[in-house]
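Have a look at the structure below, then the notes.
There are 2 protein chains.
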Amino acid sequence: MNFLHKSSAVASLLLVSTAFTPLLAAPTLEDVRSTALNSDEIAYDIVEGLTTEIGPRQGGTEAEARARAWSVAKLKSLGFDNVRIEEYQMPTWVRGEETAEIVAPFTQKLAVTALGNSGSTGDKGLEAEIVYFPTLEDLRSAPDGSLKGKIAFVSHSMMRTQDGSSYGAFGPARFVGPNIAAKKGAAAIVIRSAGTDYHRNPHTGNTNFDAGVTPIPAGALSIPDAENLERMLKRGKPVVMKLKLTPKNVGMHVSGNVLAEVKGSNPQLPIIVIACHLDSWDLGTGAIDDAAGCGIIAAAAKHLKTLGQPKRTVRLLWAGAEEVGIWGGKDYGSKHAAEPHALAMESDFGAGKVWAVDFTLPESASEQKAKIIAALAPLGVVPRKTPASGGADIGAIIAAQKLGIIDLQQDGTKYFDLHHTPDDTLDKIDKAEMRQNVAAWVSTLAIVANYEGQLKP
Amino acid sequence: MNFLHKSSAVASLLLVSTAFTPLLAAPTLEDVRSTALNSDEIAYDIVEGLTTEIGPRQGGTEAEARARAWSVAKLKSLGFDNVRIEEYQMPTWVRGEETAEIVAPFTQKLAVTALGNSGSTGDKGLEAEIVYFPTLEDLRSAPDGSLKGKIAFVSHSMMRTQDGSSYGAFGPARFVGPNIAAKKGAAAIVIRSAGTDYHRNPHTGNTNFDAGVTPIPAGALSIPDAENLERMLKRGKPVVMKLKLTPKNVGMHVSGNVLAEVKGSNPQLPIIVIACHLDSWDLGTGAIDDAAGCGIIAAAAKHLKTLGQPKRTVRLLWAGAEEVGIWGGKDYGSKHAAEPHALAMESDFGAGKVWAVDFTLPESASEQKAKIIAALAPLGVVPRKTPASGGADIGAIIAAQKLGIIDLQQDGTKYFDLHHTPDDTLDKIDKAEMRQNVAAWVSTLAIVANYEGQLKP
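Residue numbers (UniProt numbering), protein chains in the order written: chain D, 1 to 457; chain C, 1 to 457.
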């Protein structure tokens, strides 16, 4: 920390003396990292703007289109090259009314939200007995047909984890629970939200039904409500819920990716793509998911330019419609499949500090890897042996071209308190932690964007 | 802490030996305090039951009637004397639909809830420009008529305080803001919720309009939404809100108090009344506000009985309809105005630890006061010179009879994160802190209920 403060002071001195001693003024990577860490405003400004001037921006909706227009203006004003939109069409699902009420043996409303791709109960709702499954495995074990006419309720025990691994372990209640319940004949399903908070804000998120399986109404209860329902069930009497979810599929709509570049000096070199997603779920304002990622990568790319033109082109991909099916990432992967890429990186896990770095790089780049580790060490970042795997929006282009990947792993301890809920708002952004992200990103980009060797593993 | 654990061990030994040595078995105040502190289940059980089996129970509604029936059964099962309901009639206001949306210069929905006694916008809602007042004083300073056709937006800067004093300082935005705005001709008002959290759960609560002032639609925005609106306003363009609040007054309905007693051995002595309120706002399940208070006082009264019959009768008042106008407390005060009372106490500030004790007692009771201070000291309770002032539900009987009062002040640091929001749920109860309350209450009651001298100041 002292080291960084010192180098910041040096940077300031250098900047002051620029007019007189231009040769001394070229900032070093350390200077830029320090500036990002101590005073970046770009990342926060982007999150502030998107959450204030746009708010929720679900893939395929007019709000997402407004967000694209906003983003083009913002990225142009930041001086990026080739700022443009690449549109595509996507099937669009929109939320309707949503209420849940226990009607026996007690009477009480519960906080519920529909999962993406949920079926509809119709305007009259449906009333049915709850069948309780403490875990997803219990649901899997239920005999076929045993859920006929019932509402399955699937709980779980997700806890906070720094690396977000509890989402992988317990998220399947949402990802596949509804499909399993539908196949067993359930009239509907409610799950305990895939989250770690205790607020009456259920966590939405996509679920998927197999081809040929008719989507059933599928909702998430807030965690306090799920626990209340479990207490009711423990009383031993049949529990009956009246559930109303009226989402609908509104057909094909336009969505799009926003692209921008820092042009490299050597157009022969395969490019680096850095991604976030511009869309958000409709319940919150998409501050941590994922305006933060867009802010971080744009700020890092902007700071990168202060080091002079990089050798490789660095392309920003502010992807559309990630939440509702990774439509933007897939579109990018197919439209740019023939364009040579070298490396992909993504920021889509909030604005918590980068605490670890993972690599998928060729052995030949081990010196670059060591440089990155050294550049990140003052920020407290731990190098790991886990291979980098990228993220949703770069998945398609990575698969198409077998790219190098660097994952700057963010601290997700509190991420699933907010994820896909109304609580995903600007106030949840810790500016100092976000600046540390920008510092980590610009440090990494400065090394890989100026390395001419092979980056594909 | 050690002291308490030790005395608990002694208590256990004494209990084990009861059958053989009855004279040794009579527990001391220290034993009872220790039992309450280390193992009380009664208080939590009451909160668990009310939140699970009843949930929200707004004054004047059928849910409150269900809560009364539940309470009578519970208090009888705990072995209290004279368990009964005292009914009264009250005017009842009920929530309708509630939505708020900014329609210019940006488009975004905001989380809003109607304040109690709010007027209605009608089913079509109303659309008007926002006039921003950073503080209530700014609203007071607005010229008469200057708000004609506008929606006033009143903000404030309420912070967490241990003693809850920030509610007194900033709550008036809710208590009187709507009345002031109505008198200045505003079409409606929205306030920043009187709360200290950052969740998308607005804080409801009553507001009051002067006689002759027609209630205008009056809503509270969640704090993240209020801050978002402030950011929009800072952009400098006119901000237009579409507001829909459709609450209505549904006329006179039955409400009621639930009473129960620990009968004293000397019926000549004026009684002690200990109060909480049974009703809750409709948004949450009323765990901290105020099932906790009902749990604490009932548990304390039950533990009191293990010390033998007290000299004075201790009456539990689980008051009805506190939130919506203190109807239960007023009814109690008028129905029992002629019945001699000595002292009143109330628990209605959550389940946080008791951290201070205030007294309003005669000089002649100074020895009893010292005993109480000594009994509370092992629990960490600070004696203060602030006179005790009681609470809402005992206000009428105190005023009618000029009673002695003891306030066991609870730590309210986190109380206004939850107060009057959907987040007021069972999971917010810290069982250990609640037990400390029960221990403080039984310690205090054991002294005053067995003191035959004057308690009125």
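All C-beta atoms, glycine included, are put in the ideal place defined by N, C-alpha and C.
Under 8 Å, do residue i and residue j count as touching if we go by C-beta distance?
i	j	result
residue 320 (chain D)	residue 395 (chain D)	no
residue 440 (chain D)	residue 381 (chain D)	yes
residue 432 (chain D)	residue 245 (chain D)	no
residue 100 (chain C)	residue 264 (chain C)	no
residue 407 (chain C)	residue 329 (chain C)	no
residue 349 (chain C)	residue 59 (chain C)	no
residue 292 (chain C)	residue 370 (chain C)	no
residue 372 (chain C)	residue 357 (chain C)	yes
residue 228 (chain D)	residue 110 (chain D)	yes
residue 71 (chain D)	residue 318 (chain D)	yes
residue 61 (chain D)	residue 285 (chain D)	no
residue 334 (chain D)	residue 230 (chain D)	no
residue 324 (chain C)	residue 206 (chain C)	yes
residue 184 (chain D)	residue 128 (chain D)	no
residue 254 (chain C)	residue 80 (chain C)	no
residue 313 (chain C)	residue 271 (chain C)	yes
residue 308 (chain D)	residue 365 (chain D)	no
residue 397 (chain C)	residue 341 (chain C)	yes
Would you tell me roughly how many angstroms separate the C-alpha atoms of residue i and residue j, rounded to the nearest one?
i	j	result
residue 145 (chain C)	residue 130 (chain C)	15 Å
residue 204 (chain C)	residue 188 (chain C)	16 Å
residue 242 (chain C)	residue 359 (chain C)	49 Å
residue 53 (chain C)	residue 106 (chain D)	6 Å
residue 436 (chain C)	residue 279 (chain D)	48 Å
residue 459 (chain C)	residue 201 (chain D)	Outside the modelled stretch of chain C, which goes from 1 to 457, sits residue 459 (chain C), for which no answer is possible.
residue 295 (chain C)	residue 102 (chain D)	24 Å
residue 289 (chain C)	residue 420 (chain C)	8 Å
residue 443 (chain C)	residue 375 (chain C)	6 Å
residue 33 (chain D)	residue 403 (chain D)	26 Å
residue 152 (chain C)	residue 186 (chain C)	6 Å
residue 316 (chain D)	residue 259 (chain D)	6 Å
residue 158 (chain D)	residue 223 (chain C)	28 Å
residue 56 (chain C)	residue 422 (chain C)	9 Å
residue 399 (chain D)	residue 450 (chain D)	24 Å
residue 281 (chain C)	residue 65 (chain C)	14 Å
residue 12 (chain D)	residue 45 (chain D)	Confidence at residue 12 (chain D) is low in this model, with a pLDDT of 44, below 50, so the placement of that residue should be treated as unreliable; the coordinate-derived value is given next. Approximately 22 Å, taken between the alpha carbons.
residue 148 (chain D)	residue 283 (chain C)	33 Å
residue 414 (chain C)	residue 428 (chain C)	10 Å
residue 120 (chain D)	residue 126 (chain D)	10 Å
residue 21 (chain D)	residue 28 (chain D)	Any answer about residue 21 (chain D) is weak, because its pLDDT of 46 lies below 50 and its placement is not dependable; what the coordinates show is given next. Spanning the two alpha carbons is a distance of roughly 15 Å.
Applying the criterion that 16 or more other CB atoms from any shown protein chain within 10 Å of the CB defines a buried residue, is residue i buried or exposed?
i	result
residue 214 (chain D)	exposed
residue 112 (chain D)	buried
residue 248 (chain D)	exposed
residue 210 (chain C)	exposed
residue 266 (chain D)	exposed
residue 123 (chain C)	exposed
residue 385 (chain C)	exposed
residue 190 (chain C)	buried
residue 237 (chain C)	exposed
residue 192 (chain D)	buried
residue 150 (chain D)	buried
residue 344 (chain C)	buried
residue 235 (chain C)	exposed
Using a Cβ cut-off of 7 Å, which residues of the stretch 219-240 of chain C contact any Cβ in chain D, in chain order? 224, 227, 228, 231, 232
Report the residue ranges of all beta strand (DSSP E) runs contained in full by the stretch 357-428 of chain D; include only those spanning at least 3 residues, in chain order. 382-387, 404-410
Against chain D: residues of the stretch 131-150 of chain C by CB proximity under 9 Å: none
Could you please tell me which residues of the stretch 48-64 of chain C, in chain order, have their CB closer than 8 Å to any CB of chain D? 48, 51, 52, 53, 54, 55, 56, 63
To test your reading of the DSSP string, which unbroken alpha helix (DSSP H) runs of 4 or more residues are found completely within the stretch 168-227 of chain D? 172-175, 177-183
Which of the residues in the stretch 247-259 of chain C, read from start to end, lie with their CB under 7 Å from any CB of chain D? Against chain D - using a Cβ distance shorter than 7 Å - the stretch 247-259 of chain C contributes no residues.
Which residues, in order along the stretch 106-119 of chain C, keep a beta-carbon less than 8 Å from a beta-carbon of chain D? 106, 107, 108, 109, 111
Please list the residues of the stretch 289-322 of chain D that have a C-beta atom closer than 7 Å to any C-beta atom in chain C, keeping them in chain order. none
In chain order, each beta strand (DSSP E) run of at least 3 residues that lies wholly inside the stretch 227-272 of chain D: Taken in chain order, the complete beta strand (DSSP E) segments of 3 residues or longer contained in the stretch 227-272 of chain D are 240-245, 248-262.
Kindly provide the ranges of any beta strand (DSSP E) runs that are 3 or more residues long and lie completely inside the stretch 312-355 of chain C, ordered along the chain. 314-319, 341-346
Taking only runs of the alpha helix (DSSP H) that begin and end inside the stretch 106-170 of chain C, which ones reach a length of at least 4 residues, in chain order? 136-141, 165-170
Which residues of the stretch 192-222 of chain D have a Cβ closer than 8 Å to any Cβ of chain C? Give them in chain order. 198, 199, 200, 201
Give, in chain order, every residue of the stretch 394-422 of chain C whose Cβ lies closer than 7 Å to some Cβ of chain D. 422
By the 9 Å beta-carbon criterion, what residues does the stretch 88-99 of chain D contribute toward chain C? none
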